[in-house]
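Enquirer:
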Amino acid sequence: MTDTTATTVDPRPDHTGAGHRGDTLLELEDVHVFYGNIEALKGISLNVARGEIVTLIGSNGAGKSTTLRAISGTHRPRSGSIRLAGSAIHNLPPHEIVSKGIAHSPEGRKVFSRMSVFENLQMGAFSRHGERIDDDVARVFDLFPRLRERRSQKAGTMSGGEQQMLAMGRALMARPSILLLDEPSMGLSPILTEQIFKIIEEINAQGTTVLLVEQNALMALNAAHRGYVIQTGRIILADTAANLAANEQVRQAYLGEI
Amino acid sequence: MPARRPIRIDAIKLILWTVGGGLILLALIGAVLTLGQGRISPSSWQNLVVAGIALGSVYALIALGYTLVYGILFMINFAHGEVFMWGAFSSWFMAAGLNEVGFMDSNPVFAFVLVLATAMLISMLVAVLLERIAYRPLRNAPRLVPLITAIGASLFLQYTARGFFGSGVRAFPGYNLFEGVIDLGFFRIDIDDMVVILAAIGLMLALYFFINQTRTGRAMRAVSEDKDVAAMMGINVDRIIVTTFAIGGLLAGSAAILYTLIFNQVHFFMGFLPGIKAFTAAVLGGIGNIIGAAIGGLILGILEQVGPNLFLTGYNIPSPNQLQDVIAFSVLVLVLIFRPSGLLGRKENV
Amino acid sequence: MTDTMTDTAAAPAAAEADAILRADKVTMRFGGLVANKDVDFIIPRGGIVSLIGPNGAGKTTFFNQLTGMLEPTSGDIRFEDQSIVGLTPHDIVELGIARTFQNIRLFGAMTVIANVMTGAHTRMKASWWASLLKLPAVREEEAAIRKRARELLRLVGLPRRYEEDWAKNLPYGDQRRLELARALASNPKLLLLDEPTAGMNPGETAQMTALVKRLRDELDLTVLLIEHDMKVVMGISERITVLDYGEVLAEGSPEQIRTNPRVVEAYLGKQATQQ
Amino acid sequence: MQPWMKRAAFLGLLGGFGALHVSLVGMVGTFQARDFISGIVTVGSVLPMLIAILVGWRAGILQRDTDVAPTPSRALASGAVAGAVVGLVLALLCVIILNVDVDWIFVNARPQLAEILLFGQGIGVGSIILIVGGALLGAAGAALNVVSGPVARTVTIAAIVTLLVSLMEPFLGAVFRNLSLNVVDDFLYDRGGLTPIGFVLVYALVAAGVYAWATRGDRARARVEAMPPDRQRNLKLGAYGVIVVLLLLLPLIVGQRLSEVVGTVGIYVLLGLGLNIVVGFAGLLDLGYVAFYAVGAYVTAVLTSPASPAFSPELPFWGALPFVIVAAAMVGLFVGAPVLRLRGDYLAIVTLGFGEIAREIFKSQWAQPVTGGAQGILSIPPPLPFDRDPQSIYYPILFFCILAAIGASSLAASRVGRAWNAMREDESVAEATGVNTTYYKLLAFGLGAAFGCVSGALFAAKIGVIFADSFNILVSINALALIILGGMGNIFGVVLGALVLVGLPEFLREFAEYRLLIYGAVLVIMMILRPEGLLPSRVRRAELHEDEGEDDAQYAAEAGEETGKPVVTT
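Residue numbers (numbering that gives the first Met the number 0), protein chains in the order written: chain W, 0 to 257; chain S, 0 to 349; chain P, 0 to 274; chain H, 0 to 569.
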C-alpha cells in the first residue's frame with residue numbers, strides 16, 4: 000500500500016475567504032474506494048474547517064454516501080489518506096474513529112428500532128466509557144423537544160420525522176467535533192425538511208462542525224457555508240455555497256432549473 | 000356501504016391445518032387411552048417428568064447458544080452441537096486424569112469445579128475458533144453460504160474428535176458428590192437431576208442479567224439490530240460477535256457437564272442429536288429470544304421423556320421410546336406450521 | 000373524515016364512471032398500529048394518478064394491498080369490477096397489474112433478458128412437462144417471448160449490448176429502466192410505480208417522466224405512482240391523492256392540491272407554495 | 000525480528016497445526032500403507048510435505064499483507080522460514096510422543112507415528128531432517144511465486160495430477176489388467192503407487208500437456224470459435240458422441256469389480272441431479288433429501304422382494320417403478336407443503352427433521368411388519384433378469400442418469416427454470432412478477448423427490464439388501480457436498496462432484512475412514528474460497544460473489560461507472 004504522507008495542499012479553489020471559519024478539522028486526500036472491482040470514489044480530496052457546515056451534493060450513485068462511509072471507517076478506502084485534526088484515521092476501525100470525535104448519522108436514519116428513545120441515546124454515547132451523560136441527554140431533548148415526550152417509547156414505532164430527530168440526537172451524544180449527516184431530509188415532508196435544516200444550523204451554531212450530504216441541493220446550499228459537487232466518484236466543483244447556488248451548471252443539474 | 004368480499008380458501012393452508020390438527024388430535028386420544036389403561040404408575044410419570052425437566056434444562060442451555068448467535072448473525076450455527084461435544088470430551092480427560100490420581104475422591108467439589116471449568120473453557124475455545132476461521136470470512140455472504148459452512152465445520156469437528164480420541168464410547172467416571180436421592184415422601188428427586196436443574200436456572204439468570212443490564216449486553220443488542228450502525232456508535236462489532244460465540248460456548252460447555260451427569264458417557268457423535276433438539280427448542284421458544292429458549296428447552300425435554308409413553312402406549316405401539324425423536328421433530332414441524340415465530344418470538348418473516 | 004368527503008366530492012363525476020381500480024374504505028392494521036384508515040381511492044382508466052405523503056403515511060402499505068402482498072384488514076379493492084382482495088400477487092399480475100419497487104429489486108444474478116422474460120411469466124403457457132420434453136410449441140413460445148423482451152428493452156431505452164449482462168452490473172438509472180421493462184413484460188393494464196425517480200438527478204428525472212408519459216400513450220396503460228419529488232408529481236399527474244397518518248387528507252387535480260390549505264399546512268409548507 | 004519473518008513464522012505455525020491435525024487424526028499413519036512413489040515416499044509422509052509447500056507458497060506472497068518489497072530472495076527466505084516452522088512443530092510433537100504417554104487422549108499419538116514422521120531416524124537426526132526438509136519444501140513452495148505464471152501452473156497441476164494418478168492405482172491398475180495391458184501396469188505401478196520411472200514419465204507427460212495448453216490453448220480455442228456455427232455444433236455433437244460411447248463401454252473397460260463402484264457413482268449422480276433441482280435451481284436447501292432416497296428404496300424392496308413381510312405377490316423392478324414414482328410425488332408434497340412458507344435456513348433444519356423421522360419410523364419395531372424394522376429387507380431382485388452383476392446393473396443406472404441430465408438441463412433453460420431462478424433470487428419479487436411460488440416450490444420438491452426415489456430404487460436393486468440405518472443424514476450431506484463441490488446449478492458439476500467425492504474414496508479404501516472429515520473441510524474451504532464450486536453455472540457465480548451484503552449492493556450500485564451522463568462539465 001502506498002503511504003502518502005506528503006502534506007500537499009489541495010489545489011482546488013475551496014479556501015474562498017468567506018466560508019473559511021477556522022483551522023482545518025477534516026481533510027481527505029486522494030481517497031479511492033472500491034466495492035469489489037468497481038471504483039466508487041476515484042480520488043476524492045476535500046477539507047472541512049472547524050465550525051463550518053460543508054455540503055456534498057450530487058446525484059444518486061455519485062459517491063456521496065460512500066465518502067461519508069469512508070470517513071467513518073464503515074467502508075475502508077483502498078488508498079489515499081483521511082486526517083482528523085492532522086492525524087491519520089483511514090486505517091482505524093470505525094469504533095476508534097468514533098472516539099476520535101466523528102459521529103455519523105446514516106442514510107435512512109437506522110435507529111435501533113427495538114430499543115427505547117433513551118436507550119438509543121445511550122448507545123450514541125457508547126464510545127464515551129462510563130461518563131455521565133445526563134447533560135447531553137438534556138441537551139438533545141432541548142434541541143428536539145418531541146423526543147423528550149417519547150423518552151421511553153420504542154424507536155421503531157415513531158414517525159419518520161421523529162426517527163430522523165432521534166438519529167441526529169443519537170449522533171450528537173458522542174459529543175463529536177464533526178457530525179456527518181447523510182440525507183437528513185430523505186422521505187420527510189417539505190415542511191419537516193425545513194425544520195430539520197433549522198436544527199442543523201442550530202447544532203452548528205452551538206459549535207459542532209457539520210458535513211452534510213443531501214439530495215435536496217437547494218436546502219443544503221442554503222444552510223451550508225461551502226459545498227462540493229461530486230459526480231461519478233470525483234469532485235468536479237468546489238466553492239462557497241452562495242457561489243455554487245449561483246452557478247449556472249449547478250442550477251441546471253441539481254436545482255432542476257432548465 | 001360495508002365492503003363485502005368473497006371468502007377464499009387457501010388449499011395448502013387447509014391441508015396443513017388438517018394434518019397438524021389431526022396429529023394433535025391423535026396425540027390427545029392416545030393420551031386419554033394411555034391414562035385409561037393405567038399401566039404406568041403415578042410415580043413413573045413423576046420420574047419421567049423430572050427426567051424431562053433435567054434433560055430440558057440441558058437443551059435450554061445449548062439452545063441459548065443457537066439463539067444468541069442467531070440473534071446477532073442471523074445464521075444457524077449448525078456446529079454448535081459439536082461445541083458441546085468437545086466440551087464433554089475434554090472434560091472426560093480432566094475427570095479421568097483426576098480420577099487416576101485419586102483427586103476425584105479426596106476432593107470431589109474441587110474436582111467437579113475443575114472438570115466443569117475444563118468443559119466450559121474448551122467449548123468456548125472451539126466456539127471462538129469456529130467464528131474466527133469459518134464464519135468471519137463469510138460475514139456478508141448470502142444466507143445459505145454460512146449454513147453450508149456450518150454443516151462442513153460440524154462434520155470436521157465431529158470427525159476430528161473421532162480421529163483424535165477414537166470412535167469408542169467412554170464411560171464418565173462418576174462424581175460421588177451427587178449420589179443419592181432427596182425424598183420428601185410425596186416427591187423424590189435424584190440429587191444429580193436437581194443439580195442439573197438448579198445449575199441451568201442459575202446460568203440462565205446470569206445470562207439474562209448480562210444481556211439486559213451490562214454495557215456489553217446492550218452492545219450485543221445494538222449489534223443484533225444493525226451491525227453497521229452499531230460500529231458507527233463506537234462498538235467494536237467483531238469483538239461483540241466473538242463475545243457472543245464465547246458465551247454460547249461457555250453455556251454449551253456447562254450443558255455438556257450437566258449432560259454427562261445424566262448420561263455418564265462421551266462419544267464423538269454425541270453432539271448431533273442434542274444439537275438438533277436444542278435448535279428445535281430455540282425455534283419452539285422463538286429464536287432470538289432468551290426466555291423462549293429456556294421455555295422451549297423445558298417443553299421439549301418433557302415431551303421427549305413423557306411423550307412416547309403418554310401418546311403412544313394407548314395405541315399399543317411396541318417400544319414407543321424408539322419413536323421419541325420422531326415426536327421431537329414432529330413438534331418442530333408443528334410449531335413452524337402454526338406459529339412460525341415460536342412461542343415468544345417476535346413477528347418476523349420466517 | 001368529513002373534510003375528506005368534501006374533497007372527494009369535488010372530483011369530477013366523469014372519472015367515477017370509468018374507473019379501472021376502485022378502493023373502498025380500505026383499512027390496514029398491524030397489531031395496534033393503523034397504517035391505512037378508510038381509504039377511498041379511484042383510478043380513472045388511462046390516467047396518471049399520484050399518491051403523495053410523508054414517509055410512514057401509509058403509501059407503500061396501500062400499494063402493497065393493491066398488489067396483493069398484504070391483505071386489507073377490512074374494505075374492498077376492485078380491479079375492473081372484480082374484487083382482488085385475498086388474491087395472491089401472482090394472480091393480480093395475471094389480471095393485469097404490474098409494479099416496480101422503490102429500492103430497485105431486480106433478479107441481480109440473472110441476465111437482463113432473463114429478467115424481462117421472467118416478467119412475461121404469466122403470459123406464457125409452457126407447462127413443466129412440456130418444458131422437460133422441450134416440445135416444439137415450447138421452443139416457439141420461448142423465441143416469441145425473447146423477441147418481445149428485446150422490443151421492450153428497446154422501448155425503455157436499454158441498449159442491446161446489455162442483454163447478456165447480469166442485471167446487478169447495470170448502472171443505477173438503467174436498473175430502473177430494466178425494472179420498468181420487466182413490469183411491462185406482463186402486458187399490464189395498470190402500472191404501479193413506486194418512486195420511479197428516486198435517486199435520479201433532474202436530467203434523468205425529466206427523461207423518466209417523459210418515458211412514463213410515452214408508455215402510457217403507446218401501450219394504453221393506466222399509471223399510479225408514489226412520488227416524493229413535487230416537481231415530478233405536479234408535472235405528470237392528472238390527479239393527486241395526499242395521504243397523512245394513513246388517511247386521505249385531500250384528493251384532486253394538481254392545482255387543487257397545491258392550493259389546498261390543509262395540504263400546505265400539513266405537508267408542503269409555506270415555502271413550497273411560494274415557488 | 001523483521002515483520003515479514005514474523006509473518007512467515009506465524010503462517011508456519013498455522014501450517015504446523017494443520018500438520019499436527021493430520022498426524023493426530025491418524026491420516027499420516029493410515030496412509031503410510033500406501034506408496035506414492037514406490038520405495039521412496041509414502042502417501043502418509045506426503046501429507047505434511049504438502050502442507051509445508053502450501054504454507055511456503057502462501058508465505059512467499061509478500062506484497063499482499065506487508066510493505067516489504069517482494070524480492071525473489073526474500074520470498075524464498077520467507078517460504079523457508081514458514082516451512083521450517085512446520086517441521087519444527089512436528090519435531091516437537093515427536094519429542095512429546097516419545098517421552099510422554101499421551102495415547103490415552105490422542106489415540107494415534109503412538110511411537111509408530113513418531114517413527115513415520117522422523118523417517119525412521121532417531122529423534123536427533125529425524126528432527127533435523129524435518130526442519131531442514133520443511134525449509135526446503137517451503138522455499139520450493141515460495142518459488143512458485145517467483146517463476147513465471149505458466150511455469151508455476153504447469154509444475155503445480157502436473158504435481159497434483161501425478162499424485163492423483165498414483166492414488167488411483169487400484170482403479171487404473173485394474174483397468175490396465177482388465178484390458179490385458181499388464182505390461183503398462185507393471186511399468187507404472189508397484190506396491191500401490193507409481194514406480195520411480197512411472198512417476199517421472201507421468202509427470203513429464205502431464206507437464207508437457209499443461210504447458211502446451213497454457214501457451215497455445217488460446218489459439219486452439221480461437222480456432223474452434225472461428226469455425227462456422229454448424230461445424231461448431233458438429234464438433235460438440237461429436238464430443239458428446241465419444242462420451243456416450245465411452246460410457247456405454249465403461250463396464251467392459253473397468254472390469255467387474257470396479258463396475259460396482261461406477262454404479263455407486265451413478266446413483267449419486269442421479270441423487271445429485273435431483274437435489275440440484277431443489278437446491279441449485281430453486282434455492283431450497285433440503286437437508287432431508289435422504290427421505291426420498293429411503294422411500295424409493297423401501298417401496299422397491301417391499302414390492303419386489305420375496306422376503307418382504309408385507310406385500311406379495313412380488314412385482315419385477317420395472318413393475319414397481321411406477322409405484323416408486325407415485326410414492327415420490329406424494330412424499331415430495333408431504334415434505335414440501337409444510338415447509339412452503341419457511342425461510343432458507345429453517346427449511347434446512349425442518350427437512351433434516353423429516354429425514355430423521357423417516358429413518359426412525361422405518362427402523363422402529365412399530366413399522367416392522369412392513370419395513371422389517373432393524374432387520375431390514377433382504378433378497379431384492381435386480382432390475383435386469385440376469386444375475387446380480389454390477390456390469391448389468393450399470394446400464395439402468397446410466398439410462399436414468401442420462402434421462403435426468405437431459406431433463407434437468409431442458410428445464411433449466413425454460414420458463415420453469417427462470418421461475419425457479421427468480422424465486423431463489425428474491426421470492427417476494429418473483430411472486431410480484433407473476434410467479435406462483437407455491438406451485439414452483441412444490442414442483443421443485445416433487446421433481447427432486449422423483450429423482451431421489453428412482454435413485455433409491457436403483458440402490459435397493461443394486462445391493463439387494465436394505466437397512467434403515469443406511470439412510471442416515473450422511474447421504475443427504477454426501478449429495479449436498481457433491482453438488483457444492485461440482486458447482487451448484489451445473490449438471491456437469493454434479494458429475495464431477497460425484498466422481499471426486501464418491502468415486503475417489505471408493506478407489507482409495509484408506510480414505511473411507513476420513514471421508515467425512517475431508518467432506519467437512521471441503522465444504523468449509525469451498526464456501527470461503529470458491530462458493531460457486533469447481534464448475535459454476537453463470538448465475539450462481541454472480542449470486543455467490545455478492546461479497547458485500549445487501550446494503551452494500553445498494554452502495555455498489557452507486558459506484559456504477561456511467562451513472563447518468565455527465566451533468567456538469569468542468
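Glycine included, C-beta positions come from ideal geometry on N, C-alpha and C.
1. Looking at the structure shown, is G74 of chain P part of a helix, part of a strand, or coil, going by DSSP?
2. Sorted by chain position, which residues of the same chain lie with C-beta nearer than 8 Å to D243 of chain P's C-beta, five sequence neighbours on each side aside?
3. Step through the CB atoms of chain S and report whether any lies within less than 8 Å of the CB of G62 of chain W.
4. Would you mind working out which of H:A173, H:V99, H:L129 and H:Y394 sits nearest P47 of chain H, comparing C-alpha positions?
5. Buried or exposed: where does N181 of chain H fall if 16 or more other Cβ atoms within 10 Å of its Cβ makes it buried?
6. Who does N35 of chain P pair with in a DSSP beta bridge?
7. Is the CB-CB distance between H227 of chain P and E203 of chain P below 8 Å?
8. Please list the residues of the segment 52-81 of chain W that have a C-beta atom closer than 7 Å to any C-beta atom in chain P, keeping them in chain order.
9. How long is the line joining the alpha carbons of L60 of chain S and V325 of chain S, rounded to whole angstroms?
10. Closer than 7 Å between beta carbons: that is the criterion. Which residues of the segment 353-364 of chain H meet it against chain S?
11. Are the segment 199-217 of chain S and the segment 266-283 of chain S touching by the rule of at least three beta carbon pairs closer than 8 Å?
12. Relative to chain H, which residues along the segment 208-232 of chain P have a C-beta separation below 8 Å, given in chain order?
13. Which residues in chain W have a C-beta closer than 8 Å to the C-beta of E224 of chain S? List them in chain order.
14. With 16 as the cutoff for other CB atoms within 10 Å, does V32 of chain W come out buried or exposed?
15. In the DSSP assignment, the beta strand (DSSP E) including G79 of chain W goes from what residue to what residue?
16. Of all Cβ atoms in chain W, is any one closer than 8 Å to the Cβ of P260 of chain P?
17. Which ranges would you report for the alpha helix (DSSP H) in the segment 97-141 of chain S if only whole runs of at least 4 residues count?
18. Taking buried to mean at least 16 other C-beta atoms within 10 Å of its own C-beta, is F316 of chain H buried or exposed?
19. Can you give me the C-alpha to C-alpha distance between Y253 of chain W and L55 of chain W, rounded to a whole angstrom?
20. Alpha carbons only, please: which of H:F398, H:L495, H:V146 and H:L441 is nearest the one belonging to V243 of chain H?
21. Cα separation between S18 of chain S and Q323 of chain S?
22. Closest Cβ-Cβ distance between P144 of chain W and chain P: below 8 Å?
23. Just the Cα atoms here: how many angstroms apart are L272 of chain H and W365 of chain H?
24. What residues of chain S sit near A173 of chain W, judged by a beta carbon separation below 7 Å?
25. Please state the DSSP three-state secondary structure of Y188 of chain H.
26. Count Cβ pairs between the segment 177-187 of chain S and the segment 286-301 of chain S that sit closer than 8 Å; are there 3 or more?
27. In its own chain, which residues sit with a C-beta less than 8 Å from the C-beta of L86 of chain P, not counting the 5 before and 5 after it?
28. Pull the bridge partners of F33 of chain W from the DSSP assignment, please.
29. Name the two residues that bound the continuous alpha helix (DSSP H) containing F35 of chain H.
30. Going along the chain, which residues of the segment 181-195 of chain P sit with their C-beta nearer than 9 Å to a C-beta in chain H?
31. So what's W103 of chain H in DSSP terms, helix, strand or just coil?
32. My parser needs the alpha helix (DSSP H) runs of 4 or more residues fully inside the segment 168-227 of chain W; what are they?
33. Take every Cβ of the segment 186-196 of chain H, pair it with every Cβ of the segment 208-227 of chain H, and state whether three or more of those distances are shorter than 8 Å.
34. Does Q36 of chain S get closer than 8 Å to chain H when you measure Cβ to Cβ?
35. For a contact meaning CB atoms closer than 7 Å, what does I195 of chain W contact in chain P?
36. By Cβ distance below 7 Å, which residues in the same chain neighbour N114 of chain P in space, the five residues on each side in sequence not counted?
Expert: For this structure:
1. G74 of chain P sits in a strand when the DSSP states are folded into three classes.
2. Around D243 of chain P: G52, P53, A56, A265 and Y266.
3. Chain S contact via Cβ: absent.
4. Answer by Cα proximity: H:L129.
5. A residue is called buried once 16 or more other Cβ atoms fall within 10 Å of its Cβ, and N181 of chain H, having fewer, is exposed.
6. Looking at the DSSP output, N35 of chain P shares a beta bridge with P:M27.
7. For H227 of chain P and E203 of chain P, no; Cβs fall outside 8 Å.
8. Listed in chain order, the positions of the segment 52-81 of chain W with a beta carbon within less than 7 Å of a beta carbon of chain P are S58, N59 and G60.
9. Their backbone Cα atoms lie some 22 Å apart in a straight line.
10. So the close ones are E355, I356, E359, I360, S363 and Q364.
11. The segment 266-283 of chain S and the segment 199-217 of chain S do not touch, with fewer than three beta-carbon pairs separated by less than 8 Å.
12. Against chain H - using a Cβ distance shorter than 8 Å - the segment 208-232 of chain P contributes no residues.
13. The CB of E224 of chain S comes closer than 8 Å to the CB of F111, S112, R113 and M114 in chain W, given here in chain order.
14. Buried.
15. It spans S78 to L83 - the beta strand (DSSP E) in which G79 of chain W sits, taken as one unbroken run.
16. Chain W contact via Cβ: absent.
17. Whole alpha helix (DSSP H) segments, 4+ residues: 102-105 and 107-129.
18. It counts as buried.
19. If you take the alpha carbons of Y253 of chain W and L55 of chain W, they lie about 12 Å apart.
20. Among H:F398, H:L495, H:V146 and H:L441, the Cα nearest to that of V243 of chain H is on H:F398.
21. According to the sequence shown, residue 18 of chain S is Val rather than Ser. Straight-line spacing of the CA atoms in V18 of chain S and Q323 of chain S works out to 20 Å.
22. No, because no Cβ of chain P sits closer than 8 Å to the Cβ of P144 of chain W.
23. L272 of chain H and W365 of chain H: Cα-Cα distance of roughly 33 Å.
24. Counting only Cβ-Cβ distances below 7 Å, A173 of chain W has contacts in chain S at G233, in chain order.
25. In this structure, Y188 of chain H counts as strand in the three-state DSSP scheme.
26. Put simply, the segment 177-187 of chain S does not touch the segment 286-301 of chain S. Fewer than three CB pairs are less than 8 Å apart.
27. Contacts found: G67 and L94.
28. Its beta-bridge partners are W:E38.
29. Under the DSSP assignment, F35 of chain H falls outside any alpha helix (DSSP H), being part of the beta strand (DSSP E) whose first and last residues are D34 to I36.
30. Answer set for the segment 181-195 of chain P: R181, A182, A184 and S185.
31. W103 of chain H falls in the coil class under three-state DSSP.
32. Listed in chain order, the alpha helix (DSSP H) elements of length 4 or more contained wholly in the segment 168-227 of chain W are 189-204 and 216-222.
33. Not touching, per the Cβ criterion.
34. For Q36 of chain S, not one C-beta of chain H is nearer than 8 Å to its own C-beta.
35. None at all; the shortest Cβ gap to chain P is about 12 Å.
36. Only L105, F106, A166, L177 and R181 meet the Cβ criterion.
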